[in-house]
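Those letters in the sequence shown? Residues 102 to 185, by this note's numbering. Worksheet: one structure, shown below.
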Amino acid sequence: MRRVDEAVREVLSEGIAGGLKDPRIGFVTVTAVQTSPDLSHARVYVSVLGDEHERKQTLAGLRSSHGVLQGKVGAQLRLKRTPT
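Below, the structure written as C-alpha cells:
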C-alpha cells in the first residue's frame with residue numbers, strides 16, 4: 102500500500118502545482134495520502150500556506166477540483182480502481 106499511497110501523492114502534487122487553473126487555490130503541499138485496502142477511497146493530507154480566509158478558499162478550490170484530480174490519478178496510474 103505504501104507504494105500506491107506515494108504514487109497517488111506524487112500525481113496529486115504535480116496535478117495541483119501545474120494543472121489546476123482555479124484562482125482560489127494558493128500554495129498547497131500534499132503531505133500524505135492514505136488509501137483504503139480496496140483502493141476505493143483515499144484520504145489526502147495537505148498543508149496550505151496563508152491566513153484563515155486563504156486556507157478556506159484553497160480548500161474550497163481543491164474540493165471543486167476533485168473530479169479533475171481523480172481523472173489525473175486514473176490516467177497516470179494503473180490501478181484496479183481510482184480512489185475517490
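Using N, Cα and C, we set each Cβ at its ideal position, and we do this for glycine too. Bear in mind that the values here come from a model prediction, so they are computed numbers and not experimental data.
Check                                                                                                                                                               : Outcome
Return the chain-ordered list of same chain residues with a C-beta closer than 6 Å to the C-beta of G162, the five sequence neighbours on each side being excluded. : D123, R125 and I126
Measure the CB-CB distance between K173 and L140 and report whether it falls below 9 Å.                                                                             : no
Of the residues P138, T136, H142 and F128, which one's Cα is nearest the Cα of S148?                                                                                : F128
Distance, Cα to Cα, V131 vs V112?                                                                                                                                   : 10 Å
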